[in-house]
Each structure stands twice: as structure tokens, then as C-alpha cells.
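Residue numbers for the sequence shown follow the numbering used here, beginning at 461 and rising by one.
Ideal placement from N, C-alpha and C gives every residue a C-beta, glycine not left out.
Note that the coordinates shown come from a computational prediction; the quantities given were computed from them, not determined experimentally.
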Amino acid sequence: MRKIFNIQILIVLLLLVSSCDDWLDLTPTDKLSDKVVWESEASADKYVNGFYTYLHQYGQFGDEQFEGSLTESLTDAFKYGSYALGHKAGHPNNYVFNPTTVTPASCFYDNWNDGYDKIRRMNQFLNSMEKYSTFSEEKNTLLEAQIRFFRGFMYFQLAKRHGGVILYTDLEEMQKDKERSSEKDTWDLVQSDLEFAIQNLPKEWSSSADKGRLTKYAALAFQSRAMLYAERWQVAYDAANEVINSGEFTLVDDYANAWKGNNSESILEFQYDQSGPNHRFDRDYVPLSDGYDFGAFGTPTQEMVESYEKADGTKMDWTPYHVADATRPPYEDLEPRFKASIIYPGSTWKGNVMDNSVNGEYGTFMAYRAQPYSYGHTTTGYFLRKLMDESLIDVKGKESTQTWVEIRYA
């Protein structure tokens, strides 16, 4: 009798354990689980949408590329006015002038940890697709083509910084320690992923709801860029030539419109919205005249200005203007690209005629280190116009929404 009783207790306990397992096997409410992602094509598409933000993050309106600062500041074309570390306006100057801020373990241009975190997510998606997807082969291939593009995109970001890196193409591999692969093998993977995208992405999407998604031409254009870094000249040439010969893209008439979204030159872009996603590029670079107590983190230099030709194609002699007096250079004689890129003394910005000088003396401006931050002031005599949204009046109250054009036909 006692044995029977003990057996009954054991059976009850086993049932309770089984019930507890089911009870503990909860579906997360704060994120999509692997199984939920594959319950519908709409859920899978939403998951893939998250990878498109990489175009923003590594574009000039994001903050993964050089902490959000313009890399032109590492040349003589652009200058930031701050020296304070820990601030976007101060990073470039510290990077150049303060060697203690750059170590093997910490570099403003590094993306090692972030890159592999993103690659893990993409490998996880491909792994889950193989396990759970009940979609058609055509749908699975289309999803994989987008993921393979972004994995190639991320390995490109790693390769151009580090050369040969650790290669993971499977989720389980990422749990293991591996040695760095050769630079050749790394570029082979970039090329392979992009080739898969080229072969399987559509030339255009039929639904307006898919506007902005990757296309065959976007993958070709990025393949051309990546293979230039890899020094695979023929592959780069062939990819670019296929885009050119497609007849799908034409040059815009006005250079100022080349950086606006949905134009005939745009091959790969990321679009924004006031409700999100959005960015703060205007807040970072607007002049003080915009009524915002921030901005003008960095400004174009005289060296950059002098790189432009006159409208007639000849070079301007700047020698008479290399003095701090009231002599104003004839900026109006310069080519249209200059006027579309730089706010210069005497130009109009949001209805205001800009001075950009100190006490009316052209060639003088706020000295570097005069203040910890150059908020709204120019340290070069110029402000940035290119990529800015002149129609955005309330810079303090609204976010920026101008499109980031990653690759254009030019």
C-alpha cells in the first residue's frame, strides 16, 4: 500500500514539474522571440527593418562613424572649434592633438565590439529562419538577401579599419574563440555576401510600402565601393558599370538637390521622419543666427574654400585676401558647388545676410580655445551649408529629417 502511495506522489510531482515547465516557457513581451518573428511575413519584415538603421548609424547623421563627427576634420578641409574631450565638437581635435586619448583599446574610429554585436544578430536571424520559417523559398531568399547585404556591410566596416578580422557566418560559431582570418578571406566574405544580395534583390519593389528597401542596384553600388578598398579593381569596375548601363539613374540639374532624398541620383539612402527615426545634424552645425545656443561645432576652412574654382573654370588668386582687414573676397565669382556647400560672408541663410566676421573685419574670427565650446560661432570665417536643412526654422524645437544619401550616381 505504501509503495502504491509513493508511486502516486511521484506521478503527481512529475506532472507538476511538466506544468511548471510550460508555465515558465513564456513568450517575451518586450521583444519579438524567434518563433514569433516567423509567425507572419509582416513580423519577419519588421525584424529586418531594424538592420536598415545601420545605414543611419554609419552615415554622417549617425554616431557610429567617428563618434558622429565629420572625418574631414582629420584633413585641412574642416575644423572643429572645441578642445573639450567627451563632446562631439571636441573629439576630432583631441584625436589629432592629444595622443593620450587614443590607445589600442580605445579609438574614436573603432567599431570592433559594435560590429560583432550586429553580426551576431544577423547570424541569429539566418539561424532562426532555417529553424522556424514556413515561408516560401522566394520569401526566404529575399529576406536572406537583405541580411547578407548588411552582413557584408558590417564586415566592410570592420575590414576597412582592421584588415583581416574574425569571420563568423553561423550563430554557433560565435560561441567559440577563433583566430583572425587573412585580409583576403575577409574581403572574400564581403564580396560573397554582396554577390548574394546582387543576385537575389529586386531591381525595384512593387509595393509603395517597401519604398527605401535595398535593391539590386544598391548592392551593386556598394559592391563597387567595397571592392575599391579591397583593390579588386575589375570587380569594382564591373559593378559600377552595371549600374551606369542600367539607365535607371540620371544626374540632377542642381548640385544642391543631389543630397535630397528621392532624387534621380540616389541609389542607396536612409529616410527620416519627425516622429522618428530622426537626427540632429542641424543642431550640431547651425550658425548662432538661427537663435539656437548650440551649433557650429565645426566649420569649413579657408583651405577648403580655396579648393573651389571660379565659375569660368579658372583658379582664383587668394593672395590679396590672406590678411585680416576689411577686404572682402569676391565669393560670387566662385562655382555653384561652393555656394551650395558653404555659408560665406555676404551669403543668405534662412533670410539673413551672413557676416561671419569679427567687428566687420573679414579674415578674423573667434580664436581657437577662446571658449571651451564654439557654440554657434565660426572659428574659420565660414559655416556649413551642405547637408543642412534651410527649411528647418525651429531648430531647437524640432529634429532634423533630411535624407542621408549613402551612395549617389555621380
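Option in the options with minimal Cα separation from residue i
i    : options                : result
L602 : Q731, K663, A690       : K663
H837 : G751, Y677, L586, N553 : G751
T646 : E859, Y689, P760       : Y689
M733 : K858, G550, V650, F595 : Correcting the residue identity first, residue 733 is Asp in this sequence and not Met. It is K858 whose Cα lies nearest to the Cα of D733.
L633 : R581, F682, G721       : Correcting the residue type first, residue 633 is Glu in the shown sequence and not Leu. If we check each option's Cα against that of E633, R581 comes out closest.
I796 : Q694, D714, K578       : Ile is not the amino acid found at residue 796; the sequence shown has Pro there. Of Q694, D714, K578, the residue nearest in Cα terms is D714.
S767 : L515, K591, F521, F538 : F538
N701 : Y677, Q635, S652       : Y677
H516 : Q862, Y869, W665       : Q862
Y869 : V712, G672, Q694       : V712
R692 : D670, K644, M776       : K644
S500 : F798, N600, E729, T808 : N600
Y592 : V496, V746, T761       : V496
L852 : Q520, V746, A669       : V746
A502 : F521, W572, D670, P559 : D670
W498 : E708, Y804, S801, M589 : M589
Y569 : T531, R673, S735, P559 : T531
Q520 : N705, N717, Q635, Q731 : Q731
E729 : G672, D772, Q635       : G672
L654 : S642, K799, E604       : E604
D577 : R611, M814, V813       : R611
S735 : P559, D574, S860       : S860
W572 : N705, N558, Y615       : Y615
Inter-residue Cα distance where the pair is residue i and residue j
i    : j    : result
G510 : D523 : 16 Å
I867 : W778 : 33 Å
S533 : E527 : 12 Å
L661 : T675 : 5 Å
T561 : L618 : 21 Å
V783 : P789 : 11 Å
F656 : T629 : 14 Å
D785 : L844 : 23 Å
D849 : W719 : 10 Å
G623 : I727 : 27 Å
A686 : A696 : 8 Å
T535 : E763 : 10 Å
R743 : F595 : 44 Å
V543 : N554 : Note that residue 543 is Tyr in the sequence shown, not Val. Cα-Cα distance, rounded: 7 Å.
K506 : T710 : 31 Å
I579 : F613 : 10 Å
A681 : S666 : 21 Å
D753 : G721 : 29 Å
P760 : H739 : 21 Å
G806 : S668 : 43 Å
T840 : N717 : 26 Å
I803 : E598 : 50 Å
K799 : E792 : 8 Å
Q566 : G550 : Here residue 566 turns out to be Ser, not Gln, going by the sequence shown. Approximately 16 Å, taken between the alpha carbons.
V813 : M776 : 24 Å
P559 : S642 : 29 Å
T808 : G707 : 37 Å
D772 : N723 : 27 Å
G575 : F557 : 27 Å
Q651 : Q635 : 25 Å
Residues of its chain near residue i, where Cβ-Cβ distance is below 6 Å and the 5 sequence neighbours each way are ignored
i    : result
L631 : N583, Q584, N587
P552 : S529, S533, Y540
A699 : L680, Q683, S684
Contact under 9 Å by Cβ, residue i with residue j
i    : j    : result
G758 : L748 : no
L627 : K638 : yes
Y842 : V765 : yes
A504 : F609 : no
Q606 : V508 : yes
V855 : E725 : no
K810 : L794 : no
Contact belief for residue i with residue j at Cβ below 8 Å, rounded distance in angstroms
i    : j    : result
L428 : F741 : For residue 428 there is no data in the structure shown, the boundaries of the chain being 461 and 870.
P780 : T787 : 7 Å
Q900 : I658 : Because residue 900 is not part of the residues shown, which for the chain are 461 to 870, the question remains open.
T412 : P737 : Nothing about residue 412 can be reported from this structure: the residues present for the chain run from 461 to 870 only.
Beta-carbon contacts of residue i that lie in its chain and below 7 Å, excluding the five residues immediately before and after
i    : result
Y518 : E524, Q525, Q617
W483 : Note on W483: pLDDT 44, under 50, position unreliable in the model; the coordinate value appears next. So the list is empty, once near-sequence residues are dropped.
R640 : G624, V625, I626
K548 : E527, G528, S529, D744, F757
S801 : R845, K846
D815 : P805
Interface flag, residue i vs chain D, CB-CB below 9 Å
i    : result
L852 : Of the protein chains in this structure there is only one, and it is not chain D.
Cβ-based neighbour list, residue i, same chain, cut-off 8 Å, excluding 5 preceding and 5 following
i    : result
D485 : Only weak support exists for where D485 lies, its pLDDT of 49 falling under 50; the value from the coordinates is given anyway. So the list is empty, once near-sequence residues are dropped.
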